[in-house]
Amino acid sequence: MTSSMAGHESLELLQAYFERISNSAAAKTVLGAVPAVRLNRNETVGRYLEAIRDIPEGEILIWEAPLIVTPPAGAGPTCLRCLKKLSSSNDRSACTQCGAPVCKEKCRVNYHSDEECCALQNVNANPWDESMIPLLNAALTPLRTWMKIKEDVTIRSIFLSLESFAERRRTMPVGRFITSKIVPLLRDTLGQAEITPDFIHHCCGVFDTNAIKVRNADDEQGRAVMPFSAMLMHECVPNCDHWFAEGYHVVRASTPIPKGTVLSINYTSSMLGTQSRQKHLSFTKLFRCQCKRCLDPTELGTHISSVRCRACKKGLLVPQNPFNQESSDRSCTPNHSGQEPSDWSCTKCCTRFSSEMVNTICRAGSFTSELSTPEELVDRIEDVQRMVGVQHYGVLQLLLTLFRAIIRKTAQASTHEELLQLLTASEHLLPVAHILEPGLTLLTGELLLGNLQARAELSTRRLLIGCSSELALLGTSVPPTTPELVQKRLDKCKRIHQFHPMLREVVKVAHDFAAPTDLSNGTS
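So the sequence shown is numbered by our numbering: it starts at 28 and just counts up by one.
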């Protein structure tokens with residue numbers, strides 16, 4: 028996200044920065060020979076990225092190393108060297124100098140500098156007390172940033188030009204927390220009096236507004252600021268996808284992008300309804316989206332916010348005004364429009380329901396993180412879909428959680444029933460993903476890969492033991508495992524994961540299908 032106050036000087040600095048990182052050896056191997064994007068600016072949105080030529084689907088547009096990487100704000104025990112989540116005392120040690128939690132084994136990378144270590148020695152605890160860790164991890168964001176930018180005038184200018192909403196945030200709970208907890212911890216306890224309160228507020232705001240989540244298969248997690256990637260605009264149906272792998276933030280055109288089009292990613296989750304997305308954006312990014320999807324009561328025909336009609340049981344309730352769905356309930360975002368909450372109307376019988384009643388139904392069918400086993404998730408999915416319908420995002424989120432819970436077990440370790448549930452979940456989610464995250468996106472790639480892994484394992488088992496089972500969950504239609512379907516999905520999976528670490532899994536499942544099995548007897 029970008030500041031509308033940034034002038035031409037910061038525009039030139041950022042463009043020069045992008046040209047420098049694009050000429051790195053790593054970037055040159057994946058970026059096109061002809062530049063595809065440029066930085067632009069207007070008075071409405073500030074700085075943004077636009078296509079300077081027609082960009083084909085799948086082209087890598089940005090390959091950017093992070094400027095600063097920090098633990099997630101308020102995170103529990105995290106290795107300060109590699110950012111690996113340390114779930115128990117058995118897998119962690121303490122820095123011999125400052126007492127901060129670190130891995131017992133040698134880390135792959137080291138973000139924990141000597142200067143940072145010296146400052147953290149003022150904590151006077153070795154190892155750190157468990158209760159101190161979340162606050163110290165939150166303070167590491169401004170501490171690391173200050174140590175990174177204080178000696179480099181160019182980098183400092185670029186960082187300070189990023190949007191932070193610092194003044195608006197000061198009166199919010201997050202701003203009051205920074206003033207009362209983070210500022211004294213840094214300036215007094217850690218002895219960093221040169222770091223001003225204004226900088227601390229700006230820095231925390233920059234990370235909350237612009238940072239990208241850093242995660243990999245080794246359970247390393249954090250937040251990273253990439254100044255050029257921060258210029259990507261938000262759209263609820265974006266034209267770019269992005270991920271962090273092997274030390275770089277990768278941005279790719281997920282759909283064809285015509286010349287002059289603004290480049291966008293989704294700052295929130297595509298599998299959330301409009302009201303939930305607006306709440307998230309309003310709280311974390313301090314703006315309300317007015318994209319085509321947000322303005323459409325049916326959300327591009329997916330109806331993921333619509334609720335099964337309680338009157339006729341056949342139609343779906345859709346909001347008359349998707350921008351004004353909130354009730355006065357305190358669990359909802361405050362209604363700033365000055366209008367009464369919008370009624371919802373059935374697409375079949377035209378019965379009208381109040382926003383408050385629909386919100387009550389949705390809360391009853393909401394996702395709960397306490398569910399962990401596939402059996403619990405399947406039971407909850409059946410309950411929720413009876414309340415809100417199979418199209419609702421509450422069901423979609425549960426299906427995605429079920430899908431990932433089974434994938435984590437691996438196809439070989441899953442029961443026959445679980446593999447069928449995985450197939451059903453992915454087949455139900457794929458058409459929605461094609462609309463809300465069109466093109467070459469990691470969500471589609473994840474669903475296709477898991478689907479293929481389940482099909483490969485089921486084909487092997489059927490060949491060996493001739494078992495058969497019916498798919499009952501949601502009544503979703505699952506196409507048969509034919510050579511044509513497998514090849515089509517493998518081809519798309521390979522394109523999606525071409526520059527992603529999961530490509531090795533695609534190659535493996537392709538090898539599994541190349542083994543002598545009779546696909547004509549596969550799952551249907």
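Don't be surprised by glycine CBs; every beta carbon is placed ideally from N, CA and C.
Quick one: grab the DSSP three-state call for E497. Position 470 of the sequence shown, counted from the start, is the residue given in the question as residue 497. Confidence in E497 is poor, its pLDDT being 42 and thus under 50, which makes the residue's placement too unreliable to answer from.
On the DSSP letters alone, give me the boundaries of the beta strand (DSSP E) that A280 sits inside. Within the sequence shown, numbered from 1, the residue matching residue 280 stands at position 253. Per DSSP, the continuous beta strand (DSSP E) segment holding A280 begins and ends at 275-280.
Assuming V233 contacts L162 (C-beta within less than 8 Å), just tell me the rounded distance between them. As a position in the sequence shown, residue 233 is number 206, starting the count at 1. As a position in the sequence shown, residue 162 is number 135, starting the count at 1. At roughly 19 Å, the Cβ-Cβ gap does not stay under 8 Å, so V233 and L162 are not in contact.
For C231 and I388, the rounded distance between their alpha carbons: As a working note, residue 388 is residue 361 in the sequence shown. As a working note, residue 231 is residue 204 in the sequence shown. Those two C-alpha atoms are separated by around 36 Å.
Please check if any C-beta of chain D sits within less than 8 Å of the C-beta of G73. No chain D appears in this structure, which consists of one protein chain only.
Provide the residue(s) that pair with L343 in DSSP beta bridges, ordered along the chain. Position 316 of the sequence shown, counting from 1, holds the residue named residue 343. Within the DSSP bridge table, the entry for L343 names R335 as partners.
Considering only the beta carbon of each residue, do R320 and V405 sit closer than 8 Å? On the sequence shown, residue 320 is found 293 positions in, with the first residue counted as 1. On the sequence shown, residue 405 is found 378 positions in, with the first residue counted as 1. V405 is positioned such that its CB atom lies no closer than 8 Å to that of R320.
Who are E77's beta bridge partners in DSSP? Translated into the one-based positions of the sequence shown, residue 77 becomes position 50. In the DSSP output, where bridge partners are listed per residue, E77 has R65, V289.
Let me confirm a value: A452 is counted as buried when at least 16 other C-beta atoms fall within 10 Å, else exposed. Which label applies? Taking the sequence shown and counting its residues from 1, one reaches residue 452 at position 425. Buried.
Could you check where the alpha helix (DSSP H) with E409 kicks off and where it finishes? Taking the first residue of the sequence shown as 1, we reach residue 409 at position 382. Boundaries of the alpha helix (DSSP H) harbouring E409: 401-415, taken from the DSSP string.
To the nearest angstrom, report how far apart T172 and N237 are at their CA atoms. Here residue 172 refers to the residue found at position 145 when the sequence shown is read from its first residue. Here residue 237 refers to the residue found at position 210 when the sequence shown is read from its first residue. Approximately 14 Å between the Cα atoms of the pair.
Comparing C-alpha positions only, which one of T471, G342, L469 sits nearest to W371? Taking the first residue of the sequence shown as 1, we reach residue 371 at position 344. Residue G342 holds the alpha-carbon nearest to the alpha-carbon of W371 among T471, G342, L469.
Ends of the alpha helix (DSSP H) at G421? Indexing the sequence shown from 1 puts residue 421 at position 394. Secondary structure note for G421: its alpha helix (DSSP H) is the uninterrupted segment 420-436.
Rank L485, I408, E403, G421 by C-alpha distance to the C-alpha of A438 and give the top, closest one. Numbered from its first residue, the sequence shown carries residue 438 at position 411. Closest option to A438, Cα to Cα, is L485.
If you draw a straight line from the alpha carbon of L425 to that of R390, how long is it in whole angstroms? Start at 1 with the first residue of the sequence shown, and residue 425 comes out as number 398. Start at 1 with the first residue of the sequence shown, and residue 390 comes out as number 363. Rounded to whole angstroms, L425 to R390 spans 14 Å at the Cα level.
First through last residue of the alpha helix (DSSP H) which encompasses V534: Position 507 of the sequence shown, counted from the start, is the residue given in the question as residue 534. Boundaries of the alpha helix (DSSP H) around V534: 530-541.
Determine the contact status of V289 and Y75, defining contact as a CB-CB distance below 8 Å. Position 262 of the sequence shown, counted from the first residue, corresponds to residue 289. Position 48 of the sequence shown, counted from the first residue, corresponds to residue 75. Pairing V289 with Y75 gives a Cβ-Cβ distance under 8 Å.
Segment contact flag, the stretch 192-202 with the stretch 154-168, C-beta cutoff 8 Å, min 3 pairs: Fewer than three pairs of CB atoms, one per stretch, sit closer than 8 Å, so the stretch 192-202 makes no contact with the stretch 154-168.
Touch test, the stretch 82-96 against the stretch 273-287, Cβ-Cβ under 8 Å, three pairs minimum: Touching, yes, given that three or more Cβ pairs across the two stretches are closer than 8 Å.
By the three-class DSSP mapping on this structure, what secondary structure does H269 have? As a working mapping, residue 269 is identified with position 242 in the sequence shown. The answer is strand: DSSP assigns H269 an E or B state.
For N243, which of P285, D118, G274 has the nearest alpha-carbon? Position 216 of the sequence shown holds residue 243. Closest option to N243, Cα to Cα, is G274.
Taking Cβ to Cβ, would you say F430 is nearer than 8 Å to G472? Working through the sequence shown from its first residue, we reach residue 430 at position 403. Working through the sequence shown from its first residue, we reach residue 472 at position 445. In this structure, G472 does not lie closer than 8 Å to F430 by Cβ.
Roughly how many whole angstroms lie between the Cα atoms of L113 and P104? Working through the sequence shown from its first residue, we reach residue 113 at position 86. Working through the sequence shown from its first residue, we reach residue 104 at position 77. C-alpha of L113 to C-alpha of P104: approximately 5 Å in a straight line.
What runs of the alpha helix (DSSP H), each 4 residues or longer, lie entirely inside the stretch 295-336? Listed in chain order, the complete alpha helix (DSSP H) runs (minimum 4 residues) inside the stretch 295-336 are 301-311, 319-322.
Can you check which of these residues, C125, M159, A146, is closest to A220 by C-alpha distance? By 1-based counting over the sequence shown, the position of residue 220 is 193. For the set C125, M159, A146, the Cα lying nearest the Cα of A220 is the one of A146.
For the candidate residues K340, R413, E383, S399, whose alpha-carbon lies nearest to that of C377? On the sequence shown, residue 377 is found 350 positions in, with the first residue counted as 1. Comparing Cα-Cα distances from C377 to each of K340, R413, E383, S399, the minimum goes to K340.
Among the residues of its own chain, which have a CB less than 7 Å from the CB of V411, if the five just before and after it don't count? Position 384 of the sequence shown holds residue 411. Correct list, in chain order: G392, G421, V422, L425.
With a cut-off of 8 Å, do at least 3 Cβ pairs link the stretch 117-130 to the stretch 198-209? With a cut-off of 8 Å, the stretch 198-209 and the stretch 117-130 do not count as touching, because too few Cβ pairs lie within range.
Nearest-angstrom beta carbon gap, P401 and E445 [assumed within contact, 8 Å]: The sequence position of residue 445 within the sequence shown is 418, counting from 1. The sequence position of residue 401 within the sequence shown is 374, counting from 1. E445 to P401, Cβ: 5 Å. Contact.
Give me, in chain order, the residues of the same chain whose beta-carbon lies closer than 7 Å to that of R357; leave out the 5 immediate sequence neighbours on both sides. The count along the sequence shown starts at 1 and reaches residue 357 at position 330. Reliability of the predicted coordinates at R357 is poor, the pLDDT of 25 falling under 50, and no value is obtained from them.
Give me, in chain order, the residues of the same chain whose beta-carbon lies closer than 8 Å to that of T181; leave out the 5 immediate sequence neighbours on both sides. Here residue 181 corresponds to residue number 154 of the sequence shown, with the count starting at 1. Apart from sequence neighbours up to five positions away, the residues of its chain that approach T181 with a beta-carbon distance below 8 Å are L40, Y44, ordered along the chain.
Three-state secondary structure (DSSP) of K111: What you label residue 111 is simply residue 84 of the sequence shown in a count that begins at 1. In the structure shown, K111 falls within a strand segment according to DSSP collapsed to helix, strand and coil.
Under three-state DSSP, which class holds C130? Counting from one through the sequence shown, the residue named residue 130 turns up at place 103. Here DSSP, grouped into helix, strand and coil, assigns C130 to strand.
Name the residue from I434, Q42, D225, D215 whose alpha carbon lies nearest to the alpha carbon of I63. Within the sequence shown, residue 63 is the residue found at index 36, counting from 1. The question names Ile, yet the displayed sequence has Ala at residue 63. Of the listed residues, the one whose Cα sits closest to A63 is Q42.
Between the Cα of H443 and the Cα atoms of I408, R407, R489, which residue gives the shortest distance? As a working mapping, residue 443 is identified with position 416 in the sequence shown. Here the closest residue by C-alpha is R489.
Classify Q366 as buried or exposed, calling it buried when 16 or more other Cβ atoms lie within 10 Å of its own Cβ. In the sequence shown, residue 366 corresponds to position 339, counting from 1. Per-residue confidence for Q366 stands at a pLDDT of 47, beneath the threshold of 50, marking its modelled position as unreliable; no derived number is given.
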